[in-house]
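Peer 1: Just add 100 to the spot in the sequence shown (first one is 1) and you have our numbering. Where a beta carbon is used, it is the ideal one built from N, C-alpha and C, also for glycine. In this text the structure is predicted, and so the values were computed from the model without any measurement. Okay, handing you the structure first.
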Amino acid sequence: MLIKRTQRSETASHGSVAATLSGQVGGLDRRAFLRRSGLAGGALAALGTLPVGGVRKAEAAAAGPLSAGATVRKNICTHCAVGCTVTAEVLNGVWVGQEPSWDSPINRGSHCAKGASVRELVHSERRLRYPMKLAGGQWTRISWDTAINEIGDKLMQVREKSGPDSVYWLGSAKMTNEGSYLFRKLGAFWGTNNTDHQARICHSTTVTGVANTWGYGAMTNSFNDIRNSKTLIIWGGNPAEAHPVSLQHLLEGKELNRANFIVVDPRLTRTAAHATEYVRLRPGTDIPVLYGMMWHVLKNGWEDQEFIRQRVYGFDDLRKEVEKWTPDEVERVSGVPPAQLERVAKMFATEKPSTLIWCMGQTQHTVGTANVRTSCIALLLTGNVGKAGTGANIFRGHDNVQGATDVGLDIVTLPFYYGLAEGAWKHWARVWEVDYDYLASRFSDKKQMETPGIPLTRWFDATILPKSDVAQQDNIKAVFVQGHASNSITRIPESLKGLKALELLVVADPHPTTWTSLSVEAGRKDDLYLLPIATQFECKGSRVASNRSLQWGEQIVKPVFECKDDLELIYLMAKKFGVADKMFKNIRVENNLPEAEDVLREINRGSWSTGYCGQSPERLKAHMKNQAKFDLVTMRAPKDDPEVGGDYYGLPWPCWGTPELRHPGTALLYNTNLHVMDGGGTFRPRFGLEREEKLPDGTTRKVSLLAEGSYSKGSAIQDGYPEFTLAVLKKLGWDKELTEAEMATINKVNPANPDTVSWSLDLSGGIQRVALMHGCVPYGNGKARMNAFGLPDPIPVHREPIYTPRVELVAKYPTLPDAKQFRVPNIGFSVQKAAVEKGIAKQFPLILSSGRLVEYEGGGEETRTNPWLAELQQDMFIEINPSDAADRGIKDGGWVWVSGAENNSRARMKALVTERVGKGVAWMPFHFGGWFGGNDLRKNYPAGTDPIVLGESANTITTYGYDPATGMQEPKVTLCQIVAA
101 MLIKRTQRSE TASHGSVAAT LSGQVGGLDR RAFLRRSGLA GGALAALGTL
151 PVGGVRKAEA AAAGPLSAGA TVRKNICTHC AVGCTVTAEV LNGVWVGQEP
201 SWDSPINRGS HCAKGASVRE LVHSERRLRY PMKLAGGQWT RISWDTAINE
251 IGDKLMQVRE KSGPDSVYWL GSAKMTNEGS YLFRKLGAFW GTNNTDHQAR
301 ICHSTTVTGV ANTWGYGAMT NSFNDIRNSK TLIIWGGNPA EAHPVSLQHL
351 LEGKELNRAN FIVVDPRLTR TAAHATEYVR LRPGTDIPVL YGMMWHVLKN
401 GWEDQEFIRQ RVYGFDDLRK EVEKWTPDEV ERVSGVPPAQ LERVAKMFAT
451 EKPSTLIWCM GQTQHTVGTA NVRTSCIALL LTGNVGKAGT GANIFRGHDN
501 VQGATDVGLD IVTLPFYYGL AEGAWKHWAR VWEVDYDYLA SRFSDKKQME
551 TPGIPLTRWF DATILPKSDV AQQDNIKAVF VQGHASNSIT RIPESLKGLK
601 ALELLVVADP HPTTWTSLSV EAGRKDDLYL LPIATQFECK GSRVASNRSL
651 QWGEQIVKPV FECKDDLELI YLMAKKFGVA DKMFKNIRVE NNLPEAEDVL
701 REINRGSWST GYCGQSPERL KAHMKNQAKF DLVTMRAPKD DPEVGGDYYG
751 LPWPCWGTPE LRHPGTALLY NTNLHVMDGG GTFRPRFGLE REEKLPDGTT
801 RKVSLLAEGS YSKGSAIQDG YPEFTLAVLK KLGWDKELTE AEMATINKVN
851 PANPDTVSWS LDLSGGIQRV ALMHGCVPYG NGKARMNAFG LPDPIPVHRE
901 PIYTPRVELV AKYPTLPDAK QFRVPNIGFS VQKAAVEKGI AKQFPLILSS
951 GRLVEYEGGG EETRTNPWLA ELQQDMFIEI NPSDAADRGI KDGGWVWVSG
1001 AENNSRARMK ALVTERVGKG VAWMPFHFGG WFGGNDLRKN YPAGTDPIVL
1051 GESANTITTY GYDPATGMQE PKVTLCQIVA A
């Protein structure tokens, strides 16, 4: 079932890649393909299982396991966020060999197919080599000086005419922390909050949902800690293909603990093949199934009553919603049988510790935030948070998507989740040592300075909607995109209108990406610039794995061709705009390249709120040097080690206080079983200290939002407590423990009223230090929220997808009303209503979902350009159930047309007839691009830069639908029709 595919001749199977590489129409045989690619014969067939000694060109391998005189350098795999270390051998400035790090506690000497092939990313002959611009429909080579001057002049012209918000700054989860931070800082100095990156379309709903439940929007435990779990539920994730090395930890834990391995997914994935229990649900019905589990938990008394009493708010409100979801109603809506649901609920609630693992199958929905919240509630109900083997284990999909989010490359916040209010801006003005009034002057007005920007999912709407519908001075007129693929954004037919309407488009990337091919297809002939950027193996800096661990990557080789480091491009743009002196006031710059270590030190000076303050460059480099000393399961080094003693690997945030305090990092969030200086913690009281509730008789009562009788080990305060301020220290009599220098800094932060200075604003770190010495968490000790008042649905509510095949359910479970969100209208309700009235579900009867392949990553331009990977998957395809295929006369391997519910969209691809998908459901991978509407766009790329493999994008077919709390798109469930081509 997992591998069923019509056998094809070897010539046909490999002809498309071979033909592309050879530049011939006729193609090559396999031996010739391998020879011309410089690969050892047979290497590709076994790529996923190699220990990576073979992952190098034949001529490099001839020198032996370690080339004589070679230098060994370590960096981090640039694909998913597991955080695998890549060990490189460099000889005479050339990367000649690669191994996976045997010492890394994360990947322990293994790589997946993508990781094994990363050396090819640097050596690729298909990269952008020099700056180019499209003028009169022709690609022209230009110098870097010309590019910076022309782009800078055009951007400033747009700013002068339409205001700073008219330029959209789209950054990247591929950048280091330092690059992402500087990109957001550049947005601030430009004067806009229209700065975003990939997290918007993968885990923005996770961040919002999880943070609004218990304090921080991140994975609570780690891949390694999942080895301790007795019950694992993987919900809407497929780590076997999306995060392959993580699966080693999951499967070893499963075998060692005889653990329940439960997969909940509409599709029988390669991960589901390992399941002890596979639950198939209708796409878009996660909330009913989760509530159905909770119905059984409450009915049988399996909830953790003591945990709820001490550490949870809103249980009674939650119970009322759960009671609506009887087994019969859950089955009616989702298709999951009652007996199976009860079985899974019992395992999760009683065979503990249990963990809930999710990815984009949960997040990419109009109810994405509510899905995430419901998962968190299930963990709270059963007490499966804050202990080894438990937690919300959220697998991230890009190597630094967690870090880029944390450092504030985001439309809703300044770095480290400080928000956009005046106090947040004043904090970062102090860190940056610039006047707050100067920063304010860069914006069109104070209101815009404190207003969230436009999500990247809506950039083209903000370009083509009437000006009156966009809540800023003018529409988006220019887009500067540095490291983001356009084909990963839904509604591609609409985006083409935006691409044509822009006055300027700048694409800064190692590859031209689909921004280029689609722009030309849209009719664009001018004002499109391509800037060649180095891969992260040609740069240095820190990145954050899914488990919140920071790792320092060394520069393996210098940037090839005329490529530039992300940091250098950001500096050159800041210099052109006249803000470089202020932006880089405390950051050393040499030959236009900012020093990455200095950028991280500035991050450390300002990031008290999230605990990025203790991970100095020196500490991170020591961890990379001493990887072998960290325990495989606990991720901790021996306490007596002179360099990394007692640290958790990568100093996972929060790592409190200054680097000199040597906090070990926090491997497990909210763990009250450890002292806070040992990595312990509590839930964060971010939502007030008490809440007024209305009672049935009309009276009100005040309910505490602080923990009751629960506290971390060794805490001097043995109950709930608020966040620490100077005033709180004074009340406790602990202010005397502040040093004279710390008090001087606190007084400088707020000379008029220093008592209000908090743990997150105190640039000295003194308030944090004193709280920690008393065993207290600086942010306080509160309750997690089942009722997240302030969100659109404080208690999560099931809402049918915008395009649902179950139109009879819309009346009872409609999407939210239309509203203005993130400066643009969200008309999901109107779209859903129109779809029902027009009978869209009859015209497009198949549910369409999307996901990942092990061979490719993200938008795919990078991996589809890699010959190692390109041979493995050469064709875009759609999975269709045998019954649906038979009804349509579709054969396995045959060409089909897929049409979507909007814009008369259609796409041509191959059919994979398989029972992986149930009847009425189809599935596509989302990594392809370079075709549109059946047309091959290879001619639109500059000569020599086209990817080896092209194909239709799944997002040509995806449709309208946005999460109201985040702007997340909905590519996981729409409607389509499939016919034989």
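Do the stretch 429-437 and the stretch 306-324 meet, that is, are 3 or more Cβ pairs less than 8 Å apart?
Peer 2: Taking 8 Å as the limit for Cβ pairs, the verdict is that the stretch 306-324 does not touch the stretch 429-437.
Peer 1: Using three-state DSSP, classify A578 as helix, strand or coil.
Peer 2: The answer is strand: DSSP assigns A578 an E or B state.
Peer 1: Using 10 angstroms around the beta-carbon of A816, count the other beta-carbons present and answer buried if the total reaches 16, otherwise exposed.
Peer 2: It counts as exposed.
Peer 1: Under the DSSP definition of a beta bridge, which residues are partnered with M232?
Peer 2: Paired residues: R241 and L630.
Peer 1: Can you check DSSP and say which residues form a bridge with F66?
Peer 2: Nothing about residue 66 can be read from this structure; the chain reaches only from 101 to 1081.
Peer 1: Could you check which residue in K794, A767, I633 and L565 has the C-alpha nearest to that of A645?
Peer 2: Looking at the Cα atoms, A767 is the closest of the given residues.
Peer 1: On a CA-only basis, which of Q655, A985 and R229 is nearest G193? Give me that one, please.
Peer 2: Measuring from the Cα of G193, the nearest candidate turns out to be Q655.
Peer 1: Could you tell me the boundaries of the beta strand (DSSP E) in which P967 lies?
Peer 2: Note, P967: premise wrong, no beta strand (DSSP E); alpha helix (DSSP H) at P967 to A970.
Peer 1: On the DSSP bridge assignment, give the partners of A188 in chain order.
Peer 2: BP columns for A188 point to R173 and Q198.
Peer 1: Just how far apart, CA to CA, sit K330 and T450?
Peer 2: When rounded, the distance between both Cα atoms is 10 Å.
Peer 1: T825 bridges to which residues according to DSSP?
Peer 2: Answer is S858, bridged to T825.
Peer 1: Tell me, which residues are paired with Q1077 by DSSP?
Peer 2: In the DSSP output, where bridge partners are listed per residue, Q1077 has S999.
Peer 1: List the residues that DSSP assigns as beta-bridge partners of S950.
Peer 2: Bridge partners of S950: M1024.
Peer 1: When the Cα of R530 is compared with those of G271, S707 and N175, which residue comes out closest?
Peer 2: For R530, the nearest C-alpha among the options comes from S707.
Peer 1: For N175, tell me which candidate among K640, G169 and T490 has the shortest Cα-Cα distance.
Peer 2: Residue K640 is the option with its Cα nearest to N175.
Peer 1: Just to check my reading of the structure: T369 and P1071 have Cβ atoms closer than 8 Å, yes? What is that Cβ distance to the nearest angstrom?
Peer 2: With a Cβ gap of about 17 Å, T369 and P1071 do not count as contacting.
Peer 1: Please report how far the alpha carbon of G779 lies from the alpha carbon of L356, in whole angstroms.
Peer 2: Going from the Cα of G779 to the Cα of L356 covers about 26 Å.
Peer 1: Closest to H179 by CA distance: which of Y629, S804 and G215 is it?
Peer 2: Residue G215 is the option with its Cα nearest to H179.
Peer 1: How is the beta strand (DSSP E) around K1010 delimited, first residue to last?
Peer 2: R1006 to V1013 is the extent of the beta strand (DSSP E) around K1010.
Peer 1: Would you grab the beta carbon distance between A888 and R473 for me? Rounded to a whole angstrom, and I think it's under 8 Å.
Peer 2: That belief holds up - the Cβ atoms of A888 and R473 are roughly 6 Å apart, short of 8 Å.
Peer 1: Grab the span of the beta strand (DSSP E) containing W528 for me, first residue to last.
Peer 2: No beta strand (DSSP E) holds W528; the alpha helix (DSSP H) holding it covers E522 to W532.
Peer 1: Taking the Cβ atom as the reference point for each residue, do I326 and V444 lie within a distance shorter than 7 Å?
Peer 2: Cβ distance not < 7 Å, so I326 and V444 don't count as in contact.
Peer 1: Which whole runs of the beta strand (DSSP E) in the stretch 341-369 are 3 residues long or more, in chain order?
Peer 2: Runs of the beta strand (DSSP E) inside the stretch 341-369: 360-364.
Peer 1: So, do the stretch 220-238 and the stretch 1033-1050 have three or more beta carbon pairs nearer to each other than 8 Å?
Peer 2: Yes: the two stretches touch, three or more of their Cβ pairs being nearer than 8 Å.
Peer 1: Work out the CA separation of H611 and K658 for me, nearest whole Å.
Peer 2: Each residue's Cα considered, the two are about 17 Å apart.
Peer 1: Starting from T463, follow the alpha helix (DSSP H) in both directions and report where the run begins and ends.
Peer 2: M460 to T463 is the extent of the alpha helix (DSSP H) around T463.
Peer 1: For the stretch 576-594 against the stretch 259-273, do three or more pairs of beta-carbon atoms, one drawn from each stretch, fall closer than 8 Å, so that the two count as touching?
Peer 2: Contact holds: three or more Cβ-Cβ distances are below 8 Å.
Peer 1: Once the 5 residues before and after E522 are set aside, which same chain residues still bring their CB inside 6 Å of it?
Peer 2: Correct list: empty, nothing qualifies.
Peer 1: Determine the direct distance from the alpha carbon of R208 to that of A737, and round the result to whole angstroms.
Peer 2: Rounded to the nearest angstrom, the two C-alpha atoms are 16 Å apart.
Peer 1: State the Cα-Cα distance for the pair Q1077 and W1023, rounded to the nearest angstrom.
Peer 2: So the two alpha carbons sit approximately 12 Å from each other.
Peer 1: Shortest alpha-carbon distance to I333 belongs to which of R367, N249, S475 and K912?
Peer 2: Considering only alpha carbons, the answer is S475.
Peer 1: Would you mind working out which of Q1069, R1038, T1066 and W834 sits nearest T613, comparing C-alpha positions?
Peer 2: Residue R1038 is the option with its Cα nearest to T613.
Peer 1: Restricting to runs no shorter than 3 residues, where is the beta strand (DSSP E) found entirely within the stretch 286-352?
Peer 2: 331-335, all fully within the stretch 286-352.
Peer 1: Does the beta-carbon distance from Q462 to D365 come in below 7 Å?
Peer 2: In this structure, D365 does not lie closer than 7 Å to Q462 by Cβ.
Peer 1: Judging by CA-CA distance, which residue of E603, D835 and Y629 is the nearest neighbour of Q257?
Peer 2: When each option's Cα is compared against that of Q257, the closest is E603.
Peer 1: Could you tell me the alpha carbon to alpha carbon distance between H898 and W395, rounded to whole angstroms?
Peer 2: Roughly 15 Å separates the two Cα atoms.
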